[in-house]
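Residue numbers (the numbering used here), protein chains in the order written: chain W, 1 to 420; chain E, 1001 to 1165. See structure below.
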Amino acid sequence: MNLVEKILARASGRESVEPGEIVVAKVDRLIMHDLSGYLTSQVYEKRVNVPIPDPARAVMVFDHHFAPPTEQQADVLQHNRRWARKHGLKLYDCGNGNLHHAVVRNGHIKPGMIVVGSDSHTPVHGTLGALAVALGNDSHAGTVLPYGKAWFKVPETTRVHLEGAPKPGVTPRDIALWLVGRIGEGELNYRAVEFGGPYVRGLSFWDRWLFPLLCVDLGAKCSFVEPDEVTEAFVRTLPGGDAGLLVHGDGEEAAQVLRFDVGEVDPTVACPPTVGNVKPVAEVAGTPVQYAELGGHGGGRLEDFRAAAQVLAGHKVHPDTRFHLVPSSREVFAEAAREGLVLALHEAGATWFPPSTGSNQAYNMGAMASDETMISTHARNFPGRNGSPDASMYLASSATVAASAVAGVIASTVQTGGKS
Amino acid sequence: MKFEGRCWRFGDNIPTDRLVKTQYVFEPMEILVQHVLEDLNPEFPKQVQPGDIVFAGKHFGQSSGRAIATKALQATGIGCVVAETFARTFYRNCFEVGLPALEVGLNPDFAADGDRVRVDLATGEFTNLTTQTTIRGAAADPFLVDMLEAGGLISLAKNRPEVFR
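Following this line, the structure appears as structure tokens:
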């Protein structure tokens, strides 16, 4: 059995499981943000409403808001706070960061766990060697909160094997975006995706994170990286961190293996209207951008701010462009401050925002007019995601986003003269 | 379970954000239902009738996994949603909220807006009565059919709690 099958077998009290079977398994962690948590709470209060036997299983992080801009949204947060207090659920209020980073940084996710959440990027936690799956609000309210269980169909597994050496200036984010275009949106529907091969093995934990993040766009149920010494070392840095729960697969070859040479990849951008519409940056270079942002589910890591500081060294943000920096967690902002990145990027003309999901869905900021364009590290670029459905959103690496902020138009790092 | 009605045709890769736009997420269902899919077809929320069938392309319901998107679609009164392929969270949510869904594979030109279509969930057959053609989709897993017959996941858990204990 592979990692996913082993975790599902253990959590459903079976010796083994086969792809295609439906099992009811014990869930270790339910993660919710202010929006998904509100929807789950509505279902729970109206249709379920029994005591929650193990409230420590559920964690809620307010991330789509960092300060509610309307009375209606303030009411949503107040409702969520009261609901969390009533049932004893763990709550991280506004300012702690985006859901996925905040729960990892605070030690709520461990290898070998089953993690569920409504947020479609929940599978990103497979980077730690957990089985992490997005479920709907009714699953959470109807079975996870009252019974601590959920139903799962055991997925077939596809292994994405990455080898070769990237060209200079090509980052893991470029490779991740490029893969969505090469494999195709929805092409791995319902499958578990294992990212492996020498390229993935050679990455740091937070660079590996960018690969399970994209699996939802491939249609996958979940994604994982087989735990190794990088995983173990990372887990030890977490609060209460020990790697004792690590689960390893038996090393069997997956049912389907896709092999790619990362040396083929150029700096890449996902163009409107979907994440799979990827092109080399060079094809859309010169497109004016009014907003550039390091944040959202695909950014706001310390690595992103380091890359931006390198690109902006000796440069200023273009006067026609707003460059927003959104730390993925409080811990990242603290580290960026210690490293001097906060002042360096501020003085170059960028603006720091509180740890949150940033302009994702424009709850806090970043609604766009119909003729505006944004380039960001976000995970999504669907029309209407941030304001007008006629606004344009491009997704790229932190280096490309920073270079575009300097140029005022979409540009790769090379064109600004910045170091890459 | 059989459904018959007019077909509403939508394209590929439609995200849940376009079923329920961000600015309406906190609104009550009676507001949401007036805006479902309005960016893609403004007539849909105004003219959809009970029993109509939504037929979409590949990877329908991608993006955010919020079940409210399936609930808003269900609240229009449609009988069934058919797609070439569904995004998995959307497919799961359909059965959990009690909205029948059928996946039919690659048939992009099978039915057009306004055609009369029939869906037989038990056999997986999707018939275009206007053109008199039938395709066969994949029958849903028996666990999901049970859930649908119970009226959705929460009703299933209430009626048969032993499943989740």
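Even glycine gets a Cβ: it sits at the ideal position worked out from N, Cα and C.
With respect to 7 Å, is the separation between the Cβ of residue i and the closest non-hydrogen atom of the ligand FAD below this value?
i, result
"Val4(W)", "Absent from the structure shown: the ligand FAD. Ligands present: none."
From the DSSP output, in three-state form, read off residue i for me.
i, result
"Val1145(E)", "helix"
"Arg1015(E)", "Residue 1015(E) is actually Pro in this sequence, not Arg. It is a strand residue."
"Gly126(W)", "helix"
"His324(W)", "strand"
"Ala192(W)", "strand"
"Glu1125(E)", "strand"
"Asp1115(E)", "coil"
"Gly142(W)", "helix"
"Glu1084(E)", "coil"
"Val1048(E)", "coil"
"Ser36(W)", "helix"
"Leu131(W)", "strand"
"Gly97(W)", "strand"
"Phe1164(E)", "helix"
"Ser359(W)", "coil"
"Met368(W)", "strand"
"Arg1136(E)", "strand"
"Arg14(W)", "coil"
"Ile1053(E)", "strand"
"Ala292(W)", "strand"
"Val414(W)", "Because the pLDDT at Val414(W) is just 47, under 50, the model does not fix this residue reliably, and the value given afterwards should be weighed accordingly. Note: Val414(W) maps to helix in three-state DSSP."
"Arg105(W)", "helix"
"Ala334(W)", "helix"
"Ser398(W)", "helix"
"Leu1102(E)", "strand"
"Ser420(W)", "Interpretation of Ser420(W) is limited by its pLDDT of 38, a score under 50 that renders its predicted location unreliable; the figure taken from the coordinates is listed afterwards. Of the three classes helix, strand and coil, the one that applies to Ser420(W) here is coil, per DSSP."
"Ile1025(E)", "Rather than Ile, the amino acid found at residue 1025(E) in this sequence is Val. Here Val1025(E) sits in coil by DSSP."
What do you reckon, are the CB atoms on residue i and residue j nearer than 8 Å?
i, j, result
"Asn1013(E)", "His1059(E)", "yes"
"Glu1096(E)", "Ala1067(E)", "yes"
"Gly487(W)", "Glu293(W)", "Coverage of chain W is limited to positions 1 through 420, which leaves residue 487(W) absent and any answer about it impossible."
"Ala369(W)", "Ala391(W)", "yes"
"Thr321(W)", "Ile410(W)", "no"
"Leu3(W)", "Gly249(W)", "yes"
"Asp174(W)", "Pro267(W)", "yes"
"Ile114(W)", "Ala220(W)", "no"
"His378(W)", "Gly296(W)", "yes"
"Gly300(W)", "Val342(W)", "no"
"Arg1018(E)", "Asp1113(E)", "no"
"Ile435(W)", "Leu128(W)", "This structure cannot speak to residue 435(W), because chain W is shown only from 1 to 420."
"Val59(W)", "Arg29(W)", "yes"
"Ser398(W)", "Asp304(W)", "yes"
"Gly142(W)", "Leu1153(E)", "yes"
"Val61(W)", "Asn96(W)", "yes"
"Pro168(W)", "Pro19(W)", "no"
"Ala130(W)", "Gly112(W)", "yes"
"His161(W)", "Arg259(W)", "yes"
"Thr158(W)", "Leu188(W)", "yes"
"Val1119(E)", "Ile1078(E)", "no"
"Ala25(W)", "Ser16(W)", "no"
Since residue i sits in a beta bridge, which residues does DSSP pair it with?
i, result
"Asp1120(E)", "Lys1002(E), Glu1125(E)"
"Ile22(W)", "Lys153(W)"
"Met113(W)", "DSSP, once it has assigned bridges, lists no residue as partnering Met113(W)."
"Ser329(W)", "Gly97(W)"
"His161(W)", "Gly196(W), Arg259(W)"
"Met393(W)", "Met374(W)"
"Gln1062(E)", "Pro1015(E)"
"Thr268(W)", "Pro280(W)"
"Trp352(W)", "Leu325(W)"
"Val61(W)", "His33(W), Tyr92(W)"
"Arg1009(E)", "Phe1055(E)"
Cβ contact (3+ pairs, closer than 8 Å) linking the region 207-214 of chain W and the region 120-131 of chain W: yes
Residues from the region 14-48 of chain W in contact with chain E, defined by Cβ distance under 8 Å: Ile22, Val24, Leu35, Ser36, Tyr38, Leu39, Val43, Arg47, Val48
Residues in the region 1002-1021 of chain E having any Cβ partner in chain W nearer than 8 Å: Asn1013, Pro1015, Asp1017, Arg1018, Lys1021
Members of the region 1085-1102 of chain E that neighbour chain W once the beta carbon cut-off is set at 7 Å: Thr1085, Ala1087, Arg1088, Thr1089, Arg1092, Asn1093, Glu1096, Val1097
Within 8 Å of chain W by C-beta, residues of the region 1052-1073 of chain E in sequence order: Lys1058, His1059, Gln1062, Ser1063, Ser1064, Gly1065, Arg1066, Ala1067, Ile1068, Thr1070
Stretch-stretch touch, CB-based, cutoff 8 Å, three pairs: the region 1041-1052 of chain E with the region 93-101 of chain W: no
Stretch pair the region 31-42 of chain W + the region 63-76 of chain W: three plus CB contacts closer than 8 Å: yes
Residues, ordered as in the chain, of the region 174-187 of chain W that lie near chain E by beta-carbon distance below 8 Å: Glu185, Gly186
Inter-stretch contact at 8 Å, needing at least 3 Cβ pairs: the region 1138-1149 of chain E / the region 1027-1034 of chain E: no
Chain E contacts made by the region 66-96 of chain W, where a contact means CB separation under 7 Å: Gln72, Val76
Positions along the region 126-143 of chain W whose CB lies within less than 8 Å of some CB in chain E: Ala134, Leu135, Gly136, Asn137, Asp138, Ser139, Ala141, Gly142, Thr143
Within 9 Å of chain E by C-beta, residues of the region 362-376 of chain W in sequence order: Ala362, Tyr363
Proximal residues, the region 377-408 of chain W versus chain E, C-beta separation under 7 Å: Arg380, Phe382, Gly384, Arg385, Pro389
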